[in-house]
Each structure stands twice: as C-alpha cells, then as structure tokens.
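In the working numbering, the protein residues as written are 36 to 625.
Using N, Cα and C, we set each Cβ at its ideal position, and we do this for glycine too.
Predicted model, so just to flag it, every value in this text is computed and none were measured.
The structure appears below as structure tokens.
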Amino acid sequence: MSHTIKEIPTKPFDGQKPGTSGLRKRVKVFQQEHYTENFIQSIFDSIDAGGATLVIGGDGRYFSPETVQTILKIGSANGVAKFIVGKDAILSTPAASNVIRKYKAYGGILLTASHNPGGPDKDFGIKYNVSNGGPAPENVTDKIFENTKTIKSYKIIDAPPVDLSKTGEFSYGPTDVSIIDSVADYVELLKSIFDFSLIKSFLSSRSNEFRVLFDGLHGVTGPYATALFVDVLGLPKSSVQNCVPLPDFGGGHPDPNLTYAHTLVEAVETNGIQFGAASDGDGDRNMIYGKGAFVTPSDSVAIIAHWADVIPYFKKGGVKGLARSMPTSKAIDLVAKKKGFEYFEVPTGWKFFGNLMDAGRLSICGEESFGTGSDHIREKDGLWAVIAWLNILAAANAQSPNKLVGINDILSAHYKTYGRSFFSRYDYEEVPSSGAAALVAHIDKALTSRSLNDTTHKSASTGTSFTVSDVYNFAYTDPIDKSVSKNQGHVIVFSDGSRVVFRLSGTGSEGATVRMYVERYVAPEADEAELTRDAAEGLKGLIEVALELSKLKEFLGRDEPTVITVSRICFVLVETNIVAVRSGIHCTTD
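Structure below.
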C-alpha cells in the first residue's frame, strides 16, 4: 500500500540542543505544534538513515506512544527501510543498546528522560544512539542542533497509527516495522554473562536466611526484573515490587537513590531483607541496598571489578581495563593498580566509555550517579549491576559455606584490602541559572588567580583542617579519537588527598542542577572503627569547608540540597512504622 508523503512548513524553535542524554524538556514543550516533529526531522537530516534499520523504544513515560507514531511517520517519509520497535513503546535503554548491536541496526531513537519524573506536567526526552548502541557523540548532537536552528519543513507520511500492542512484522508504507518483546533478547544476553546456576543454587539453599527484593519504581525494568527474578531464578513474586511500568511512574520519582527509592528502603528495613535493589525510569541506573547496608555507586563498581573473575563473561574474556567518570570516587583506581589493569578517568557521559570499549581497552566502568556497566553493551545497565552483585554474593558464599556472607561482609573485606573512599554527592536541583553561573564564576576566579592555593580552612564542628593544594577545571583528551572535552567540572584538591568537585548537570528540564561531590580516602591500615564509621561523620568537616569555600548557599539561595547521596540513612519512626526517609547528615532520629 502506498502512502502520500507530505512536506509540512515549519519554523525553528529555540533551545533544541541535545546533550549526551538527548533533548529533555517538559511534556508540554514537546506537545507544541511542530516542536517534536522539528526535532525528529533534524535527527534524520543529520544521520543519513535512508535504507537503514533503526530501533525505537523508551521508558514508557507519558507522551511516548504518540511520539513513536510520529517517528514512524517521519522516518518512513525519510526513507528508513525498517524500524524495530519495543512493544507498547517500551524498551529499556540497556535493552535498546543490545537490540541495536544484536540486529546490527544503524542506530536508535529512545524516548526517555531517564530518572526524571513523568506525567503530563513532568519531563519527556528524545535521545539518539548510534550503531555501537551508545549515545550519539558530540559531532552528531552538534549537527542535530544546527539543523534545529535552520529547519524549514519536515516530511511525514499520511498513514494510520501502528498497533504497538501486538508483536510481529508489519508493512508501513515503504517501511517494514517489527514490533518486538525485548525482554527475551535481554534475558538471553544476561544469561551469556552471569552464572545463573550458581545464583539460583545459592538463593534456593539460603532461602530462609537470604531474601531478595527488587523495586522497579514503576519504570521500564519491571518486566525485565520479573522475568529474571521470578521466571529464571525461581524467586517468589513477592521478590519484586512496583514492577508495572506506568506513564507517570506511579506519581513517584524513578531515581534509585536513598531519597526517591524510599519504597525499597522502607520494605527492606521493615522486613529485614538482606538484598534489595532498584532501577530507574529507563533501566540504566541501579541501587544496591540491604538491611543496614547501602553500597555507594563508587564502591559498587570497584567491588564488581575486584570480583570480576567469578563472573563467567570476564573469566572467559578477561578484564581489558577499568574506568570511572571524573566525579566518581577513586575506589576503582585502587583495584586497577592492585590488579595491574589499565584505568581511565573520563568526563561524565557514557559515550566516553564507549570509545574505549570499541577500542578494546575497557571492560568495567561506572559513574557515581548510580550508573554501572561493562562492554557487553554501550550504555550503563541497572539490572546488569544487580545480577552482578548476586553473582558475587553467590560466589562469596560458595567460598564460605559455613557462614552467610552478606553485603556488609563484602564491603568490609573490600575496605580492608583497598581502604575506603568516603564519598557523598549533594544535588541542588532546579536552582536559578544565574546563581549557578555565579558559583562557577567564583571558582573560576579562584582557579585563575590561584588565591585558594596553599590556604588552610578549619571545620568549626570537627576541628579538622584542610589545606588547598590545587584548583582546576577538568579537561579530557580522548585517547582513541583525540577529541578534547573542556570545562567538565571544577575540582578543589586538598593536601591530604581529599577533593571536592562542583559540576553543572544537564539532566534536568528546568533551571540548573548543581552537584557537589566530596571524597576523603582512609587507608586499609586504619582501624576497623575508622573504616566502617558512618560516612556522613567521616565527611562532615570536609563538607563544611567545601560549602564555605564555594559560597554555594549564598549563590544558590539554598540551605540544603534536594538530594544527598551518602552511606547513612535516617528513619523517622512513629509507633514502629517508617513514615519518612531521608538520606544524609541533615536528618535526625529523634
């Protein structure tokens, strides 16, 4: 059946600049007449996808089904030969990366705003991934942005909507459309990586002592987690919760941290569950949390790297190298040095890891923002990290059959081997852009004048002194393509090796997000009380000095951050029921 191709006149919209995570705005912005069509046409004008196969998927958030139909119509009009689409417009970011790679697609368009809230008044996003399955590099996103500024029309076919609820092969004008259930492909991938027999044996033999709970936060990973935990590992259905994807994520914030994943934290603490985990809206982030045991993302990736030889994928292929984003703690560096692996410090953004992976120089990597992954795909992968931890715990318990080894045991052993990098992140979300710019200018002035160097600052509450040894703005030269990325975050280094990082984030849809990262290292020779002390207490003095040096509260007009990521949790109890959960040093237990 032939379909008429229409060319619709349009005008550019300001601000359609995609980052590594694509273009993110409020839903109502994307719902403006021609707005979404303009951006999609600009993608096709930038990638030369005529005759190619493209993948479409997303996290199922509000406005996704309509946008899939728009992509199909515009893509068909622009000569795309075939679309592979996730059933019901759902395809997790890791699963999409796998599908692109498995079926050798030209690339993919993902509809996601990752961990941001969804709903008619919340966030939406459109992201383009290239043929390696990873996020588009800057030369592609820059080209898309330039096209958004000059677009005069977009092409679209006149055709009825495709039924996204049925898997199968369909013809859509000149284009073939394959609607797939991506869960099977993804489960097959993870089965080729991990020792599911060992995990299943461990969970079965210790079922009375070791319980598991995964919280999907009503994001995209629900069906994947149900297939893995219930169908493959044979756990009861009660081992998963909030695993039905919803367009508004059930009214929650699908970000797997101690503040927003409170449904997991509450259930784990109330029911004494030994292993809990959560993922975010599009499935690329993770949180590992058991009763009384929170694993920071920085520690998590380091521990996975240390235990890599118990995971069949790495036991067979070896570990080519390790890497972390610059703000992430240096815990994984210590593993690399001890084991003789090459390691890298890169800017925030998974594309930088992808270049190293494609060159065969990187196997395991992570970001402190709850992103962990390996070279099995070219995106971070939340469920991959969760199953990696279960594989590690199963192996550790096989090595110690007479003692139940839990999360805290793994952490303690790691600290005694490598030392501990106390780490915390303060997120100040949707702050005035002018205040964020003033903060950056203040640190830039200290950098250029070197006025902070060699100055000593004392914490009022702890009495600890910190002397500034360096201030710099992180820049990175990619060892593969030699591209240079500048202005990637301001770093203040202290003489004892502690450091503080300030970085503007592009993951929000309104205002600015400022993130402050603090890190302090304690050597493995320290006594156990120091290695296992509350992280908030371990960092308290450094945090006070960082806030004083940066004048952050003054510039941003905020006394407290929106979210604190730190390895302490405070519960407010009323008649033994948990009614509120906050992470960080500003909460109380009275």
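Who are residue i's beta bridge partners in DSSP?
i, result
"K409", "Note that residue 409 is Ser in the sequence shown here, rather than Lys. Per DSSP, I399."
"A87", "In DSSP, A87 forms no bridge with anything."
"E464", "BP columns for E464 are empty, so no partner."
"D649", "Limits of the chain in this structure are 36 at one end and 625 at the other, which puts residue 649 out of reach."
"F590", "Note: F590 sits in no beta bridge, so no partner."
"R359", "E380 and G401"
"P289", "DSSP lists no partner for P289."
"V526", "Y507 and V536"
"P44", "S188"
"T548", "S540"
"N164", "G143 and P170"
"F458", "E554"
Do residue j and residue i count as a contact pair if the criterion is CB distance below 8 Å?
i, j, result
"Y259", "N133", "no"
"S364", "E403", "yes"
"S333", "I323", "no"
"P596", "Y461", "yes"
"H449", "I228", "no"
"F387", "D513", "yes"
"P291", "H253", "no"
"Y97", "P289", "no"
"P170", "K162", "yes"
"S4", "A140", "The chain is shown only over 36 to 625; residue 4 falls outside these bounds and no answer can be derived."
"L568", "E554", "A quick correction: the sequence has Arg, not Leu, at residue 568. It is not a contact, given that the beta carbons lie outside the stated cut-off."
"G316", "D94", "yes"
"I40", "A116", "no"
"L474", "A481", "no"
"L58", "S99", "no"
"G524", "P467", "no"
"E377", "M361", "no"
In this structure, does DSSP put residue i in helix, strand or coil?
i, result
"A312", "strand"
"K137", "helix"
"G532", "coil"
"S602", "Because the pLDDT at S602 is just 45, under 50, the model does not fix this residue reliably, and the value given afterwards should be weighed accordingly. In the structure shown, S602 sits in coil (DSSP, three-state: anything other than H, G, I, E or B)."
"T202", "coil"
"D344", "helix"
"P332", "helix"
"V62", "helix"
"G143", "strand"
"K415", "coil"
"H297", "helix"
"V370", "helix"
"N174", "helix"
"G208", "coil"
"I228", "coil"
"G318", "coil"
"D250", "strand"
"E595", "coil"
"H150", "coil"
"H69", "coil"
"I119", "strand"
For chain B, check one thing: does any of its Cβ atoms lie closer than 8 Å to the Cβ of residue i?
i, result
"L582", "The structure shown contains no chain B; it is built from a single protein chain."
| said: Taking contact to mean 3 or more Cβ pairs, one atom from each stretch, closer than 8 Å, check whether the segment 114 to 123 and the segment 201 to 216 are in contact. | reply: Because the criterion of three Cβ pairs below 8 Å is met, the segment 114 to 123 and the segment 201 to 216 touch.
Counting pairs of Cβ atoms below 8 Å between the segment 421 to 439 and the segment 227 to 238, do you hit three or more? yes
### Contact between the segment 105 to 116 and the segment 189 to 203 (3+ Cβ pairs under 8 Å)
The segment 105 to 116, when compared against the segment 189 to 203, does touch it at the 8 Å Cβ threshold.
If contact is defined by three or more beta carbon pairs under 8 Å, each pair taking one atom from either stretch, is the segment 147 to 166 in contact with the segment 364 to 374? no
So, does the segment 171 to 190 touch the segment 45 to 53, judging by three or more C-beta pairs under 8 Å? yes
* **contact_flag[the segment 437 to 445, the segment 571 to 584] where n(CB pairs < 8 Å) is 3 or more** => no
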